[in-house]
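Reading through the C-alpha cells given below for one structure.
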Amino acid sequence: MLDQLREPAFTKRGLSRRSGVPRRTPITWVRGGGLSTVVFLIPLLFVFGAFSWYPIVRTVVMSLQHTNLVQPATWVGFANFKAVWHDPLFPVAVKNTAYFAGLALVFGYPIPLIAAVLMSEVRKRRGIFSALAYLPVVIPPVVAVLLWKFFYDASSTGVFNTVLGWVGLGPYPWLQSQQWAMPSLVLESTWANAGATVIIYLAALTGVQTELYEAASVDGAGILRKVWHVTLPQLRGVLLVTLILQIIGTAQVFLEPYLFTSGGPANSTLTVLLLIFNYAFGNSLGGDYGKATALSLMLAVFLALFSLIYLRATRSWSSR
Amino acid sequence: MKSLRRIATAVAVAGLVALCATAAALGSRSSSVTISVASLIPGSTQAAVNQFNSQVAQFEKANPGITVKPVEYQWTGPTFAAKLAARTLPTVFEVPFTDARTLGDNGQLADLTPYAQKLSYFKEFNPAVIAEGTDAKGQVVALPKGAYAQALHYNRALFAEAGLNPNKPPTTWAQVRADAKQITARTGKPGYVEMAKDDNTAGWILTTVVYSLGGRMETGSGTSAKATLDNKYTIQALNMLKAMRWTDNSMGSNFSYSWGDINQAFAAGTVGMYVSGSDIYTNLVQAYNVNPSIYGIAPIPLAHNKNAGVLGGGTLAAVRPDANKAQLAAAVKWMSFFYEEPQISKTQAIRNAQTLVANKQPVGVPALPLFNKRLYDISQTWIKPYINVPIAQMKPFLTGIFSENLIPEPEASTQSVYHALDAVVEAVLTNKDTNVVQMLQQATSEAQQAISQGA
Numbered sequence: 001m002l003d004q005l006r007e008p009a010f011t012k013r014g015l016s017r018r019s020g021v022p023r024r025t026p027i028t029w030v031r032g033g034g035l036s037t038v039v040f041l042i043p044l045l046f047v048f049g050a051f052s053w054y055p056i057v058r059t060v061v062m063s064l065q066h067t068n069l070v071q072p073a074t075w076v077g078f079a080n081f082k083a084v085w086h087d088p089l090f091p092v093a094v095k096n097t098a099y100f101a102g103l104a105l106v107f108g109y110p111i112p113l114i115a116a117v118l119m120s121e122v123r124k125r126r127g128i129f130s131a132l133a134y135l136p137v138v139i140p141p142v143v144a145v146l147l148w149k150f151f152y153d154a155s156s157t158g159v160f161n162t163v164l165g166w167v168g169l170g171p172y173p174w175l176q177s178q179q180w181a182m183p184s185l186v187l188e189s190t191w192a193n194a195g196a197t198v199i200i201y202l203a204a205l206t207g208v209q210t211e212l213y214e215a216a217s218v219d220g221a222g223i224l225r226k227v228w229h230v231t232l233p234q235l236r237g238v239l240l241v242t243l244i245l246q247i248i249g250t251a252q253v254f255l256e257p258y259l260f261t262s263g264g265p266a267n268s269t270l271t272v273l274l275l276i277f278n279y280a281f282g283n284s285l286g287g288d289y290g291k292a293t294a295l296s297l298m299l300a301v302f303l304a305l306f307s308l309i310y311l312r313a314t315r316s317w318s319s320r
Numbered sequence: 321m322k323s324l325r326r327i328a329t330a331v332a333v334a335g336l337v338a339l340c341a342t343a344a345a346l347g348s349r350s351s352s353v354t355i356s357v358a359s360l361i362p363g364s365t366q367a368a369v370n371q372f373n374s375q376v377a378q379f380e381k382a383n384p385g386i387t388v389k390p391v392e393y394q395w396t397g398p399t400f401a402a403k404l405a406a407r408t409l410p411t412v413f414e415v416p417f418t419d420a421r422t423l424g425d426n427g428q429l430a431d432l433t434p435y436a437q438k439l440s441y442f443k444e445f446n447p448a449v450i451a452e453g454t455d456a457k458g459q460v461v462a463l464p465k466g467a468y469a470q471a472l473h474y475n476r477a478l479f480a481e482a483g484l485n486p487n488k489p490p491t492t493w494a495q496v497r498a499d500a501k502q503i504t505a506r507t508g509k510p511g512y513v514e515m516a517k518d519d520n521t522a523g524w525i526l527t528t529v530v531y532s533l534g535g536r537m538e539t540g541s542g543t544s545a546k547a548t549l550d551n552k553y554t555i556q557a558l559n560m561l562k563a564m565r566w567t568d569n570s571m572g573s574n575f576s577y578s579w580g581d582i583n584q585a586f587a588a589g590t591v592g593m594y595v596s597g598s599d600i601y602t603n604l605v606q607a608y609n610v611n612p613s614i615y616g617i618a619p620i621p622l623a624h625n626k627n628a629g630v631l632g633g634g635t636l637a638a639v640r641p642d643a644n645k646a647q648l649a650a651a652v653k654w655m656s657f658f659y660e661e662p663q664i665s666k667t668q669a670i671r672n673a674q675t676l677v678a679n680k681q682p683v684g685v686p687a688l689p690l691f692n693k694r695l696y697d698i699s700q701t702w703i704k705p706y707i708n709v710p711i712a713q714m715k716p717f718l719t720g721i722f723s724e725n726l727i728p729e730p731e732a733s734t735q736s737v738y739h740a741l742d743a744v745v746e747a748v749l750t751n752k753d754t755n756v757v758q759m760l761q762q763a764t765s766e767a768q769q770a771i772s773q774g775a
C-alpha cells in the first residue's frame with residue numbers, strides 16, 4: 001500500500017518521459033538510501049580491509065619473498081614453497097596434525113554429543129550440568145594448560161599418577177614420552193573445548209519433535225534406539241557442521257603443543273601451525289617469514305578445498 | 321552572544337597554552353634524550369629491581385639530559401625474533417655471543433663504532449670477546465656484558481645427604497654418573513638433569529658435553545662450514561645420557577626443562593647436578609632466592625684428550641638499528657656505565673658493589689674476564705670487601721677455570737645447530753629404543769642445510 005502511494009511521485013521525478021526507464025541521478029541515489037549504505041559500509045570495509053584482506057594479500061606477497069622484516073625483501077618466486085615441501089619436518093608435522101585430528105575425532109567428537117543427550121534427559125537442575133560442562137571453556141586457555149601441566153607431572157607423586165596409583169596403575173610418563181604426549185594433548189583439548197559443542201547440541205536437541213520420541217516409545221524403542229533413530233537423524237545438519245568445524249579447528253591446533261611441549265619430545269607433537277610458528281620465530285636471527293607464509297597458504301588452500309569437497313559430498317545428506 | 325564570546329576566548333587561551341607547551345616540549349627535546357634499556361628478567365625480586373633502579377638514578381644524576389627507562393627483558397629465541405621484527409625491543413638490549421655478528425651483518429643492530437672507539441678503555445677489551453660484537457665489515461655492533469664458561473652446578477646438601485663429599489665434586493663424567501646414581505638412590509631426587517627443551521638449550525648442553533670429550537659440532541666457518549654433529553664424541557655423550565636415563569634411572573621424570581625451569585628446580589633443592597653457565601648464581605638469587613648454603617660449582621669434567629675443552633660464551637649489549645644519533649650516544653654511555661665500568665673503574669666497581677650489597681644482590685659471581693686476566697684480578701681486589709657469594713663453595717671452579725682450554729660456541733648458524741640437536745636429546749631421554757646414530761645423521765643434515773643458507 002505504501003509503495004502504491006509513493007509510486008506517482010517516483011514516476012513524476014525519476015522516470016524518463018520518453019523511455020519510461022527510471023533516470024538515476026546523484027539526488028535519486030542519495031534519496032534512495034545509497035549514501036547511507038556507503039556510510040554504513042565504510043567502517044566494515046575498513047575493518048575487513050585492514051585486519052583481514054590486507055594481511056591475506058601481504059601473506060601471498062610475502063610467501064614469494066625472502067625477508068627478515070628489517071632489510072628490503074627480495075623476490076624468490078616459489079622457492080619458499082619448495083623449501084617447505086622438502087623440509088624433513090614438514091611430513092612429520094602433517095602426520096602429527098592428522099594424528100591429533102584423528103584422536104580428537106574419535107574421542108573428542110562423540111563425547112559432547114553423548115553428554116548433551118544425557119543432559120537433555122535430566123529433568124531437574126539441567127542448568128547446573130550445562131554450567132559444569134561449559135566451565136572449562138571460560139577458563140583462560142593458558143591457565144588451563146598450566147593446570148594440566150601440573151596434573152601431568154610424570155613423577156609418581158603427580159596428580160594423575162597418584163590417583164591412578166590408587167587402583168594400581170602407572171606411573172605414566174604423560175608429556176615426557178613420545179608415545180603418550182599427543183594423546184595427553186588431545187585429552188586436555190577435549191576437556192577444554194567440549195563444553196561449547198555441548199551447548200550447541202543442547203540447543204539443537206530442543207528442536208527435536210517430542211512426538212517422535214513418544215511414537216518411538218509406543219513402538220517399544222529403548223533409549224539407545226530412540227537416540228539412533230530419532231535424535232541423530234534430527235541433529236544431522238548440526239552434526240555435519242560441528243564435524244567440519246572440528247576438523248578445521250584440529251588442523252590448526254597450536255595452543256596445546258606450543259604451551260605443553262613446544263612440539264617435543266623429539267618433534268612428536270610438532271603440528272603444522274607450530275612449524276609455521278617455528279619458521280617465523282624459531283630462529284633468533286630473524287625468522288624465515290617467507291617459509292612461514294608459504295606453509296600458511298598451503299594449509300589454507302588445503303582446508304578450503306577440503307571444506308568444498310566436504311560440503312558438496314554432504315549436501316544431499318544434510319538437506320534430506 | 322556574551323557566552324559565545326566567552327567560549328571563543330577560552331578556546332583561544334587553551335590553544336595558546338597548548339602551543340606554548342608543545343614549544344617547550346620541543347625545546348627540551350633538543351637537549352634531552354630518553355632511552356629504554358633492558359633491565360632484569362621478568363619475575364625478579366623486588367630487591368633486584370630496587371638495585372637496578374638505584375643504578376639508573378646514579379646514571380641519570382651523572383648524565384643530566386639522559387632519561388633511562390628500564391624495561392624487563394629476557395632473551396629467548398622466539399620472543400627476540402618477534403620483537404626485532406616488530407621493532408619493540410628496548411633501545412639497549414642483550415644478545416648472546418652466538419647471534420651478534422650475524423645480526424650485525426644483517427643490518428639488524430646499530431653501528432656503535434664511532435662511539436665505542438671513544439671509550440678510553442676500548443683497546444683494553446679482550447680481542448676474542450670484542451670480536452664477538454664486531455661484524456664482517458669491522459663495525460662494532462655490540463659491547464660485552466659478561467662472559468662465562470660452562471660449569472657443573474651441584475647441590476651440596478644433596479651431596480652430603482647422599483654420603484658424598486660436597487667439597488669434592490666429580491672430575492670425570494664417569495664420576496658424574498656414579499654420583500648421580502648414588503644421589504637418586506639415597507635421596508630419591510634426580511642426581512643429574514639436563515635442559516632438554518625444544519628451544520636450543522638441549523643442543524647447547526649437549527655441545528658442552530661433546531666439547532668436554534674432545535668433539536666439535538662443525539669445521540670451517542661461514543656458509544662453507546661443515547656440520548659434524550654425528551661425530552663419535554656426540555654418540556659417546558648421548559650414550560652416556562641414555563645410560564643415566566634408562567639404566568641408572570638417575571635423571572628423574574622431567575625431561576623438558578628449559579633454562580629457567582632448571583634453575584628453579586635447582587633453587588628449590590630438587591636437583592643434584594646440572595650444567596649451565598658459570599654466572600648462573602645471579603639468576604638463582606634474583607629470580608629464585610636460592611639458599612646459598614646448598615650451592616656448589618665445579619669445572620666441567622674434561623676427558624684426557626688434547627681437544628677436550630670448556631665451552632665458553634657470553635652476552636653482549638646492542639642497540640636498535642633505528643636509534644638516532646642522540647640515542648646512540650646516550651645508549652653507549654649507559655652501556656659503559658652499567659656493563660663495562662664496574663670491571664675497569666675502581667670508583668664505579670666499588671659503587672656498583674655497594675649498590676648490589678645494599679639490595680642483597682650477589683657480588684663476586686664467577687665470570688670470565690672481558691678485558692684481560694690482570695685487570696680482572698685487580699677488579700676483584702676492589703670489590704673483595706663486598707663479595708657476598710659463598711666464595712669458598714666456588715673454590716673447585718675458581719681454582720682451575722682460568723687455565724682451562726676455553727672453546728667458543730660453534731660459529732656458523734649456532735642456534736640452528738643447537739636446534740637440530742634438541743630433538744636428538746629429547747629422543748634419547750623419552751624413548752629407550754632411540755637410534756642415536758640415525759637421529760644424529762638427520763640432525764647433521766638439518767644443520768648443514770641451515771649453515772649453507774646462513775640461517
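Sequences listed follow chains A and B, in order.
Mapping to the numbering used here: the first sequence position 241 is 241, numbers consecutive.
Mapping to the numbering used here: the second sequence position 214 is 534, numbers consecutive.
Idealized CB from N, CA, C, for every residue including glycine.
Leaving out five residues before and five after residue i in sequence, what residues of the same chain have Cβ atoms less than 8 Å from its Cβ?
i: residue 757 of chain B; result: 550, 555
i: residue 71 of chain A; result: none
Where do the N-terminal and C-terminal ends of the alpha helix (DSSP H) with residue i fall, by residue?
i: residue 210 of chain A; result: 210 to 218
i: residue 772 of chain B; result: 756 to 773
i: residue 560 of chain B; result: 552 to 562
i: residue 95 of chain A; result: 89 to 103
By the criterion of Cβ-Cβ separation under 7 Å, what are the contact partners of residue i in chain A?
i: residue 523 of chain B; result: Result: empty, since nearest Cβ-Cβ is about 12 Å, beyond 7 Å.
i: residue 413 of chain B; result: Those within 7 Å of residue 413 of chain B in chain A number zero; the least Cβ separation is about 12 Å.
Could you name the residues of chain A that residue i contacts, counting a contact when the two beta carbons are closer than 9 Å?
i: residue 438 of chain B; result: Chain A residues near residue 438 of chain B: none, gap ~27 Å exceeds 9 Å.
i: residue 739 of chain B; result: 278, 282, 283
i: residue 356 of chain B; result: Neighbours of residue 356 of chain B on chain A: none; closest Cβ ~19 Å, over 9 Å.
Which chain A residues are close to residue i, counting only those with a beta carbon under 8 Å from its beta carbon?
i: residue 401 of chain B; result: 280, 281, 282, 283, 284, 285, 286, 287
i: residue 735 of chain B; result: 283, 284, 285
Keeping to the same chain, check which residues put their C-beta closer than 6 Å to that of residue i; ignore five residues upstream and five downstream.
i: residue 545 of chain B; result: 538, 732, 771
i: residue 74 of chain A; result: 66
i: residue 415 of chain B; result: 636, 638
i: residue 194 of chain A; result: 111, 112
i: residue 659 of chain B; result: 465, 637
i: residue 774 of chain B; result: 543
i: residue 300 of chain A; result: none
i: residue 164 of chain A; result: 170
Can you give me the start and stop residues for the beta strand (DSSP E) that residue i sits inside?
i: residue 663 of chain B; result: That residue, residue 663 of chain B, is in no beta strand (DSSP E); it is neither H nor E in DSSP.
i: residue 470 of chain B; result: 462 to 475
i: residue 616 of chain B; result: 615 to 619
i: residue 412 of chain B; result: 412 to 416
i: residue 248 of chain A; result: From DSSP, residue 248 of chain A is part of no beta strand (DSSP E) but of the alpha helix (DSSP H) over 236 to 251.
i: residue 130 of chain A; result: Counting along the chain, residue 130 of chain A falls outside any beta strand (DSSP E), though it belongs to the alpha helix (DSSP H) covering 126 to 138.
i: residue 594 of chain B; result: 593 to 597
i: residue 631 of chain B; result: 630 to 639
i: residue 358 of chain B; result: 353 to 358
Looking only at its chain, what residues have a beta carbon closer than 7 Å to the beta carbon of residue i, apart from the 5 residues adjacent to it on each side?
i: residue 350 of chain B; result: Here residue 350 of chain B scores only 48 on pLDDT, less than 50, and its place in the model is too uncertain to base an answer on.
i: residue 348 of chain B; result: Summary for residue 348 of chain B: the model assigns pLDDT 44, below 50, so the residue's position carries little reliability; its value from the coordinates is reported in the next sentence. Excluding residues within five positions, none has a Cβ falling inside 7 Å.
i: residue 566 of chain B; result: 752
i: residue 491 of chain B; result: 621
i: residue 362 of chain B; result: 392, 394
Quick test of your reading: residue i and residue j, contact by CB under 8 Å. State the CB separation rounded to the nearest angstrom.
i: residue 682 of chain B; j: residue 605 of chain B; result: 5 Å
i: residue 388 of chain B; j: residue 379 of chain B; result: 6 Å
i: residue 730 of chain B; j: residue 527 of chain B; result: 7 Å
i: residue 547 of chain B; j: residue 762 of chain B; result: That pair is no contact at about 11 Å.
Give the interface partners of residue i over in chain B, defined as CB-CB distance under 8 Å, in chain order.
i: residue 348 of chain A; result: This structure does not reach residue 348 of chain A, given that chain A is present from 1 up to 320, and the question cannot be answered.
Can you list the residues of chain B that residue i reaches, using a CB-CB cut of under 7 Å?
i: residue 177 of chain A; result: 750
- Message: As an exercise, report each continuous alpha helix (DSSP H) stretch of at least 4 residues that is fully enclosed by the segment 16 to 67 of chain A, in chain order.
- Response: 26 to 31, 34 to 48, 54 to 62
- In the segment 681 to 751 of chain B, which residue ranges form an unbroken beta strand (DSSP E) of at least 3 residues, counting only runs that do not cross its ends? 726 to 728
- Message: If we require 3 or more residues per run, which beta strand (DSSP E) segments fall completely within the segment 376 to 413 of chain B?
- Response: 386 to 391
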